[in-house]
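Q: Residue numbers (mature numbering (1 follows the signal peptide of the UniProt record, and there is no 0)): -20 to -1, 1 to 303.
Glycine included, each C-beta is placed from N, C-alpha and C at the ideal position.
Since the model is a prediction, treat every value here as computed from it, not as a measurement.
1) Could you tell me the distance, in whole angstroms, from the CA atom of residue 377 to the CA atom of residue 279?
2) With distance defined between alpha-carbon atoms, name the residue in 205, 184, 92, 253 nearest to residue 366.
3) Could you check whether the Cβ of residue 83 sits closer than 8 Å to any heavy atom belonging to the ligand NAP?
4) Is the CB-CB distance between residue 189 and residue 17 below 9 Å?
5) For the beta strand (DSSP E) containing residue 254, list its first residue and its last residue.
6) Count Cβ pairs between the region 242 to 254 and the region 43 to 57 that sit closer than 8 Å; are there 3 or more?
7) Whose CA, out of 283, 260, 253, lies closest to the CA of residue 81?
8) Taking 9 Å as the threshold (beta carbon to beta carbon), is residue 97 in contact with chain C?
9) Considering only DSSP beta bridges, list what residue 108 is partnered with.
10) Residue 144 to residue 300, Cα distance in whole Å?
11) For residue 52, which residues in the same chain have their Cβ closer than 7 Å to its Cβ, ignoring the five residues on either side in sequence?
12) Taking only the alpha-carbon atoms, compute the straight-line gap between residue 117 and residue 155 and give it to the nearest angstrom.
13) From residue 131 to residue 247, what does the alpha carbon distance come to, in whole angstroms?
14) In three-state terms, what does DSSP make of residue 184?
15) Residue 215: buried (16+ other C-beta within 10 angstroms of its C-beta) or exposed?
16) Check the C-beta distance from residue 61 over to residue 158 and give it rounded, since I have them as a contact under 8 Å.
17) Just grab the DSSP bridge partners of residue 8 for me.
18) Residue 89 by DSSP, collapsed to three states: which one?
19) What are the boundary residues of the alpha helix (DSSP H) that includes residue 193?
20) What does the alpha-carbon distance come out to for the pair residue 212 and residue 106?
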């Protein structure tokens, strides 16, 4: 009898310990954007009273972020369209849970040096072009080339992350660089580059909020994701109404001069946030098909509703954890 009583006490203690442990939710993010703003605002700290702890991990671009998801190093992140297409082709079990849409996107560009003789996209034929393979810049480049009767096979892609790509352009190792904000605005501020095409009228200005199957199958993680989505929506509304304060936040977090960040903010706002719409699958399908036909990705992916993770943007149902 005494032995059974002690065993019950031990099990109860273990149960209480498990309840007291935080749900750890790991967020992958890139420089700038809503995620950086939310991190700086610190609003997620309040989730600690619900037993949720958020950790932040910075990545240079979307492909690296989604590779970390595949390796179970992060639970959620935001990227452009192309990284998710490459990740799905590689077998990563992604789920799209939300989007942020820029109604008038001009946040990416094809840059050449100011003294370059290249004046148009058509003149890139046969040239070395730096970009992050599998990033949003990859598809933007294809669309820009297609517009003038070329495609990716007409240029030599030099696969470089943003920090290395800028140096390659300045040294003459490549003849063009395809990049997004804030790196685009930073390069412009240096007054050593010129734009031969931005993404206006080519890409749809959508950012994708992405998780993986295992997160949605874990009740605790899913609860943390729902809370996070609600706070991201709140952050977007705050940013739209406080562009100057957003500049200040990014300046403190990233160390980028405010005059550059004002350009970035002007191009980024307003943020329009919503759960992932089924109609967006058609855009992803078209892009994925283009990469497959060009031989860039090895498999043809069919974009179906199974890729959508339905998670409420809500804090409802949370209970304060007493420790």
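A: In this structure, then:
1) Outside the shown range of the chain (-20 to 303) lies residue 377, about which nothing can therefore be said.
2) Residue 366 cannot be examined here, being either before or after the span of the chain that is shown, -20 to 303.
3) In terms of ligand content, the structure shown is empty, and the ligand NAP therefore cannot be addressed.
4) Going by C-beta atoms, residue 189 is not nearer than 9 Å to residue 17.
5) Where residue 254 is concerned, the enclosing beta strand (DSSP E) stretches over 252 to 255.
6) Segments in contact, no.
7) For residue 81, the nearest C-alpha among the options comes from 253.
8) Absent here is chain C; the protein component of the structure consists of one chain.
9) 136.
10) Taking the straight line from one Cα to the other gives about 46 Å.
11) Correct list: empty, nothing qualifies.
12) Those two C-alpha atoms are separated by around 16 Å.
13) Straight-line spacing of the CA atoms in residue 131 and residue 247 works out to 27 Å.
14) Three-state DSSP puts residue 184 in coil, outside helix and strand.
15) Label assigned to residue 215: buried.
16) Contact doesn't hold; Cβ gap of about 14 Å is too wide.
17) In the DSSP output, where bridge partners are listed per residue, residue 8 has 37, 57.
18) Note: residue 89 maps to strand in three-state DSSP.
19) Residue 193 -> alpha helix (DSSP H) spans 193 to 196.
20) Approximately 43 Å between the Cα atoms of the pair.
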